[in-house]
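In the order they appear, the protein sequences are chains V and C. Here the working numbering is used: the first residue of the first sequence is 822, the next is one more, and so on. Here the working numbering is used: the first residue of the second sequence is 822, the next is one more, and so on. Written below as structure tokens is the structure these notes are about.
There are 2 protein chains.
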Amino acid sequence: MNKIVECVPNYSISTDREGLEKITAPFKERDDVRLISVEPDENYNRTVVTVIGAPESVKEAMVASAKVASEVIDMRKHSGEHKRMGAIDVVPFIPIKDMTIEETITLSEECAEAIYTATNIPVFLYNLSAKRPQCEKLPDIRKGEFEGMAEKLKDPYWQPDFGKEVHPTAGVTAVGCRPLLVAFNIDLDTNDKKIASAIAKAIRFSSGGYRYVQAGPAYLEDKDIVQVTMNVTDYKKTSVYRVFETVKMEARRYDVDVIGSEFIGLVDLDCLKDITSYYLKKASKDDVDLSLEEVTEVVKDHLLLHGFDKKKVIEYYV
Amino acid sequence: MNKIVECVPNYSISTDREGLEKITAPFKERDDVRLISVEPDENYNRTVVTVIGAPESVKEAMVASAKVASEVIDMRKHSGEHKRMGAIDVVPFIPIKDMTIEETITLSEECAEAIYTATNIPVFLYNLSAKRPQCEKLPDIRKGEFEGMAEKLKDPYWQPDFGKEVHPTAGVTAVGCRPLLVAFNIDLDTNDKKIASAIAKAIRFSSGGYRYVQAGPAYLEDKDIVQVTMNVTDYKKTSVYRVFETVKMEARRYDVDVIGSEFIGLVDLDCLKDITSYYLKKASKDDVDLSLEEVTEVVKDHLLLHGFDKKKVIEYYV
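If you want it as structure tokens, here you go:
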């Protein structure tokens, strides 16, 4: 493989495993497309699929999958905790290797048009692919959800980039390029959400924290603990270890321990090397001369990661 | 006193103590103006004066002082390491108590006009008082320095807000309102400037650090150590203790200790209470029920401050 793109479509389906099989089948039929994970969440009634591969092939498989999803999922019968506006709720493309943001935007535009042509689902171009400021943020597009979309689309301000009228059973979709980010959650040894909120506030940009951190609190019912949940949108500038250590430092104020952490989705090796360089006291990540497996172990140990192994690393597949 | 403003004029003079006596005399003649400090730096050939008091009186004393300085200082004979453009190089006003930014801007405008009227020195309104984007940053105005000002002012783009032609011996001046900021330096147990640079990069906003931190490295010749020197422009959002602890955390990577720190200029009690609350494990600064002296001691101990006592705290004078 040469150029590599990641695609992380979200489908409004979870318990219907047969339907999911059909929807994900197009990602299994090509040599240059790899289906990394299928993660259904019944609470959200939503499934996040992660795929990487050659740009053209990923795009074509994505269009084929969207076509199946538009036939399998009926939004009129859908409910779940997560806000949603369509059967294929959102299709983010992320440049991984030898791809520029511009090339990824072009790919997302082609995919958006092809999905509309194949399914008649109207499509918004969002995030870095947005043509209008109101389409940059997904929550703004999604506002009103499936049930409110017919009314919303009557407003010329909310005219989709492709198509005009809501698909009666599959709603609308957003497709776009987003930069590679690190989705990272840190577990605290407490169930006090106020503490997670205060720590999130200390680290996130919007309230005076690190420039490339978005963060908030979350409560995990099964473990009865709280998390600081975050996106690090540019780990090259705001290092993940720095954020992790700052959370530990803030937690000390409450006599609370950090007891674990997790990466959501794939992480790239360069990010892991950056983390490794701090804990091994190297001046720079370029001084880290370890294998993918070794780097994975160092990071896992120091960040107290759970559910983490080399299969979460992009380079494992490349 | 009711409304309190701080004024920190910088004069292009240092060794001429008699001249300095005359220049600072107007700050000693009023009951409602307090001369806090006079800090000449021979290397820079520059003196920083700190004054607080009632706004009208501080302004009038400032104008009187500028008048003396314009007579005492001859910029044609001035040299020093710090960049400078006039005898009264810059006059920042900072709102301290019961004053809004807007009121302080108005005060700075009145002061600027009065200085021009009294001395014939042309004045730029800078920082928050700037009327044009090119005048927001002092280094932009100062570029070309005293020697280049006559040429620079021919360009309508660089027309001063008051006056037109450079004063032959006193150059030009900038007057403006700036927000209260914390100027803070952290000493490292090394003379390796690369380490101070790397740590400064980790904490400053421009390269991915904290939103309200500007930072860089500095070498202290007398102590043969390096410092991370910084401005925390909004300590209510980016806490000073957080920045201090992050510097310690980053220094660990290089096996370097933080061995001291210092505040430059005055700090307000609220900022010190915020720092205290972290080290005493209080949820908020409002839970810190200590006297000014006690808070000063706690902060001094934990931040390893040198040259710090209650006389560096604004509330000591208010």
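By construction, the Cβ of each residue, glycine as well, lies at the ideal position given by its N, Cα and C atoms. All values reported here derive from a predicted model rather than from experimental measurement.
In this structure, the beta-carbon distance from residue 832 of chain C to residue 915 of chain C does not fall below 7 Å. By the rule that beta-carbons nearer than 7 Å mark a contact, residue 1051 of chain V does not touch chain C.
Considering only beta carbons, the part of the stretch 1025-1036 of chain V lying closer than 7 Å to chain C consists of 1026, 1028, 1029, 1030, 1031, 1032 and 1033, in chain order.
Residue 910 of chain V carries a strand assignment under DSSP once its states are collapsed to helix, strand and coil. Burial of residue 1032 of chain C is indicated by the presence of at least 16 other C-beta atoms within 10 angstroms of its C-beta. Counting only Cβ-Cβ distances below 8 Å, residue 1076 of chain V has contacts in chain C at 1102, in chain order. According to DSSP, residue 905 of chain V shares a beta bridge with no other residue. In the DSSP assignment, residue 1002 of chain C falls outside any beta strand (DSSP E), carrying neither H nor E. Against chain C, a Cβ distance below 8 Å from residue 1058 of chain V picks out 1028 and 1029. Between the stretch 971-978 of chain C and the stretch 911-930 of chain C there are fewer than three C-beta pairs closer than 8 Å, too few to call the two in contact. By the beta-carbon neighbour count (other beta carbons within 10 angstroms, threshold 16), residue 1104 of chain V is exposed. The beta carbon of residue 1117 of chain C sits closer than 6 Å to the beta carbons of 1131 from its chain, once the five residues preceding and following it are set aside; these are given in chain order. In the structure shown, residue 838 of chain C adopts helical secondary structure according to DSSP, grouped into three states. Put simply, of V:943, V:1019, V:1027 and V:1015 the residue whose alpha carbon is nearest the alpha carbon of residue 991 of chain V is V:943. In the DSSP assignment, residue 1039 of chain C falls within the beta strand (DSSP E) that extends over 1034-1041. Interface annotation for the stretch 862-894 of chain V against chain C: empty, criterion Cβ-Cβ distance under 7 Å.
At a cut-off of 7 Å between C-beta atoms, residue 966 of chain C does not count as an interface residue with respect to chain V.
For a cut-off of 8 Å, the C-beta gap from residue 1011 of chain V to residue 1047 of chain V is around 6 Å, short enough to register as a contact.
Between residue 1069 of chain V and residue 1029 of chain C, the gap from beta carbon to beta carbon reaches 7 Å or more. According to DSSP, residue 1052 of chain C shares a beta bridge with C:1004 and C:1035. With a threshold of 7 Å between beta carbons, residue 924 of chain C makes no contact with chain V. Look at residue 942 of chain C here: in three-state DSSP terms it is coil, with no helix or strand label.
With a beta-carbon spacing of about 5 Å, residue 967 of chain V and residue 896 of chain V fall inside the 8 Å limit used to define contacts. For residue 847 of chain C and residue 921 of chain C, the gap between their C-alpha atoms comes out near 25 Å. Annotated as proximal: residue 947 of chain C and residue 997 of chain C, with beta-carbon spacing under 7 Å.
Within the stretch 993-1025 of chain C, those residues whose Cβ lies closer than 8 Å to any Cβ of chain V are, in chain order, 1019 and 1023.
For residue 906 of chain C, no CB of chain V lies under 7 Å from its own CB, so it is not counted at the interface with that chain. Each of V:995, V:957 and V:961 was checked against the Cα of residue 945 of chain V, and the nearest Cα belongs to V:995. DSSP, reduced to helix, strand and coil, places residue 856 of chain V within a strand of the structure shown. Within chain V, the residues 1029 have their CB atoms less than 7 Å from the CB of residue 1055 of chain C, given in chain order. Contact of residue 1099 of chain C with chain V is assigned, a C-beta pair being separated by under 7 Å. Close to residue 970 of chain C, with beta-carbon spacing below 7 Å, lies no residue of chain V; the smallest spacing is near 36 Å. The DSSP-derived three-state label of residue 862 of chain V is strand. If the five residues before and after residue 903 of chain V are omitted, its C-beta is found closer than 6 Å to the C-beta atoms of 865 and 867, all from its own chain and listed in chain order.
Comparing C-alpha distances from residue 888 of chain C to each of C:939, C:1089, C:871 and C:952 shows the shortest one belongs to C:939. If one requires a minimum length of 4 residues, the alpha helix (DSSP H) runs lying completely within the stretch 1087-1127 of chain C are 1090-1100 and 1113-1124, in chain order.
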